[in-house]
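Asks: To start, I am sharing the structure in question, which I have written as structure tokens.
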Amino acid sequence: MSYVHPDYLVDTEWVAAYLEDPNVRIIESDEDPLLYSMGHIPGAVQVDWFSTLQHPVRRDFLTKEQFEEVASNLGITPDTTVVFYGDKSNWFACYALWLFQYYGHQNVKILNGGRAKWEQEGRPLVKDIPSYEKTSYRAKEPDESIRAFRGEVLTHTTSKKPLVDVRSPKEYSGELISMPNYPQEGAQRGGHIPGAVSIPWSLAVHEADSTFKTAEELRALYEGKGIRPEDEIIAYCRIGERSSLTWFVLKYLLGYPNVKNYDGSWTEWGNLVDAPIER
Amino acid sequence: MPLPPKLQEIVDDFASMSREEKIETLVAYAESLPPLPDWLREEREKMDPVPECMTPVFLFGEEQPDGGVRFHFDIPPQSPTVRGLASILANGLNGSKPEEILSVPADFFTPMRLEEAITHQRINGFIGVLAHMKQGAVKLLQNKS
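From first to last, the protein sequence lines are chains A and B. Heads up: the first sequence at position 252 corresponds to 239 in our numbering, and the numbers run straight through without jumps. Heads up: the second sequence at position 77 corresponds to 95 in our numbering, and the numbers run straight through without jumps.
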């Protein structure tokens, strides 16, 4: 058994072979954005989940027009194959991919293993910042089929549809409101959305080189917890980055058709007055 | 009490930098953070963890013959931002007396306008690292009394 949509995943060898291809744009998206400046894949550009992809004022992503500006500055056209990679097992690479899909960009891929694997293999990292001729990118209307807002999440939990909580076990239990060793800020209450099953994101990747586990292992992991292909599924974490990795796994590696990422996640739910919480 | 002169100099430098210069300078600081000395690598249990940081950060304050403090850090290369911030503090405070370290205000970095280059959550790493450097300084003072 292989991944259901293997086109969404490439390996380091593929990226190394396509470094010079003008129809391929490689984008680094990290938790620690300084990593790009320390050295990146030759020809790669950078997006930062906070300073590039977030709306400058509201708590939201870029508007469609702002996204068009970002994509144009990166020299991307709707036909460009965009390959994302990053640190932390590709959390923010998946997050950026998810946003590109939200605005209708079709040809997107994740570099399996991300920055960690590229580095482990001793492949080149450079400091030169490339520039590409500006395009006039036209985005599509947002694809709401991959993004869940709080109202829908409330309906989902009350109608007992499946939710996947991808945070660490102590965040799920309510003992912590952020990851272990991270600042414990961002939410007034701890716990999880009622009915959500705990499947930490990390179970989907190999710890050694950050690559994804096999289709068999992934299917056993999610189906073993009652998350099946025919379900309507919402995944969440603390701010939506770890759950975009799980979203990517379910949607493209396992081919589940109806999966949404709730990017408001615990920093929204754990602060909402009147929202149901289970501990 | 004014900031130790070296730290003041770094703060003033950053205050006048563009966003790009701030990033380049942070990278340079991250790259120049010295590796742990061998003696400390062998006695790593002496080091204090800094749990406020998103990455595993360990530090140790070593007393110098003249009473100044020299800080050693162990921070993984995968976390250049925290390495850069710790390196700024080490450059700005190494050699200072424990009393001088304790007098550094927790918001000393505000004029650096680092928020132009990195997110607030990461800048908070500064507060955590500085707080633990102060704890190191307190330990040295207690050992004396």
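C-beta atoms are modelled at their ideal positions from N, C-alpha and C, and glycine is treated no differently.
Asp250 (chain A) CB to nearest chain B CB: under 7 Å?
Replies: Here residue 250 (chain A) refers to the residue found at position 263 when the first sequence is read from its first residue. No - not a single Cβ of chain B is within 7 Å of the one on Asp250 (chain A).
Asks: Please check if any C-beta of chain B sits within less than 7 Å of the C-beta of Leu(-4) (chain A).
Replies: Sequence index remark: in the first sequence, residue -4 (chain A) carries index 9 (1-based). Not an interface residue.
Asks: Based on the DSSP output, what are the partners of Lys96 (chain A) in its beta bridges?
Replies: Counting from one through the first sequence, the residue named residue 96 (chain A) turns up at place 109. Paired residues: A:Val70.
Asks: Using the Cα positions of Ala46 (chain B) and Ile221 (chain A), report the straight-line distance between them to the nearest angstrom.
Replies: The residue given as residue 46 (chain B) occupies position 28 in the second sequence. The residue given as residue 221 (chain A) occupies position 234 in the first sequence. Roughly 42 Å between the two C-alpha positions.
Asks: Under the assumption that Phe126 (chain A) contacts Asp196 (chain A) (Cβ atoms under 8 Å), give the Cβ distance between them as a whole number of angstroms.
Replies: Start at 1 with the first residue of the first sequence, and residue 126 (chain A) comes out as number 139. Start at 1 with the first residue of the first sequence, and residue 196 (chain A) comes out as number 209. First, the residue type needs correcting, since residue 126 (chain A) is Ala and not Phe in the sequence shown. The Cβ separation is near 34 Å, so there is no contact.
Asks: Taking 7 Å as the cut-off, decide whether the C-beta atoms of Tyr124 (chain A) and Ile63 (chain A) are in contact.
Replies: Translated into the one-based positions of the first sequence, residue 124 (chain A) becomes position 137. Translated into the one-based positions of the first sequence, residue 63 (chain A) becomes position 76. Result yes, Cβ atoms of Tyr124 (chain A) and Ile63 (chain A) sit closer than 7 Å.
Asks: Enumerate in chain order the residues of its own chain whose CB-to-CB distance from Ser85 (chain B) is below 6 Å, with the five nearest sequence positions on each side excluded.
Replies: Walking along the second sequence from the start, residue 85 (chain B) turns up at place 67. Looking at the sequence itself, residue 85 (chain B) is Gly, so the reference to Ser does not match. Excluding sequence neighbours, Gly85 (chain B) sits near Lys115.
Asks: Under DSSP, the alpha helix (DSSP H) around Val140 (chain A) begins and ends at which residues?
Replies: Position 153 of the first sequence, counted from the start, is the residue given in the question as residue 140 (chain A). Segment Arg137 to Thr145, the alpha helix (DSSP H) holding Val140 (chain A).
Asks: For Leu51 (chain B), tell me which candidate among B:Val75, B:Gln82 and B:Arg37 has the shortest Cα-Cα distance.
Replies: Taking the first residue of the second sequence as 1, we reach residue 51 (chain B) at position 33. It is B:Val75 whose Cα lies nearest to the Cα of Leu51 (chain B).
Asks: Under a CB-based cut-off of 7 Å, is Thr43 (chain B) close to chain A?
Replies: Start at 1 with the first residue of the second sequence, and residue 43 (chain B) comes out as number 25. Chain A contact via Cβ: absent.
Asks: Residues of the segment 18 to 41 of chain A with a CB closer than 8 Å to any CB of chain B: list them in chain order, please.
Replies: Within the segment 18 to 41 of chain A, the qualifying residues are Glu18, Asp19, Pro20, Leu21, Leu22, Ser24, Met25, Phe37 and Ser38.
Asks: Restricting to Cα atoms, I'd like to know which of A:Ser252, A:Asp261 and A:Ile264 is closest to Asp47 (chain A).
Replies: Working through the first sequence from its first residue, we reach residue 47 (chain A) at position 60. Answer by Cα proximity: A:Ser252.
Asks: Taking the beta strand (DSSP E) that Asp84 (chain B) falls in, what are its first and last residues?
Replies: Translated into positions along the second sequence, residue 84 (chain B) becomes position 66. First-last for Asp84 (chain B): undefined, no H or E at that position.
Asks: Taking Cβ-Cβ distances shorter than 7 Å, what residues in chain B pair up with Asp74 (chain A)?
Replies: As a working mapping, residue 74 (chain A) is identified with position 87 in the first sequence. Simply Gln96.
Asks: Run through chain D and tell me which residues come within less than 8 Å of Ala48 (chain B), C-beta to C-beta.
Replies: No chain D is present in this structure, whose protein chains are A and B.
Asks: Quick one: is Met(-12) (chain A) buried, meaning 16 or more other Cβ sit within 10 Å of its Cβ, or exposed?
Replies: The residue given as residue -12 (chain A) occupies position 1 in the first sequence. Result: exposed.
Asks: Specify, as a first and last residue, the run of the alpha helix (DSSP H) that Leu25 (chain B) falls within.
Replies: In the second sequence, the residue the question calls residue 25 (chain B) occupies position 7. Residues Pro23 to Ala33.
Asks: Could you give the C-beta distance for Ile14 (chain A) and Val(-9) (chain A), rounded to a whole number, given that I count them as a contact under 8 Å?
Replies: Residue numbering aside, residue 14 (chain A) sits at position 27 when the first sequence is read from its first letter. Residue numbering aside, residue -9 (chain A) sits at position 4 when the first sequence is read from its first letter. That pair is no contact at about 24 Å.
Asks: Which residues of chain A have a Cβ atom closer than 8 Å to the Cβ of Gly102 (chain B), listed in chain order?
Replies: By one-based count along the second sequence, residue 102 (chain B) stands at place 84. Going along chain A in sequence order, the residues near Gly102 (chain B) (Cβ under 8 Å) are Leu21.
Asks: Quick check: what's the CA-CA separation for Gly79 (chain B) versus His150 (chain B)?
Replies: As a working note, residue 79 (chain B) is residue 61 in the second sequence. As a working note, residue 150 (chain B) is residue 132 in the second sequence. Gly79 (chain B) and His150 (chain B): Cα-Cα distance of roughly 10 Å.
Asks: Mind the definition here: the segment 16 to 34 of chain A touches the segment 109 to 121 of chain A only if three or more C-beta pairs lie below 8 Å; say whether that holds.
Replies: They touch, by the three-pair rule.
Asks: Report the rounded CA-to-CA distance for Lys157 (chain B) versus Glu55 (chain A), giving the unit in angstroms.
Replies: On the second sequence, position 139 is the one that residue 157 (chain B) refers to. On the first sequence, position 68 is the one that residue 55 (chain A) refers to. Roughly 54 Å separates the two Cα atoms.
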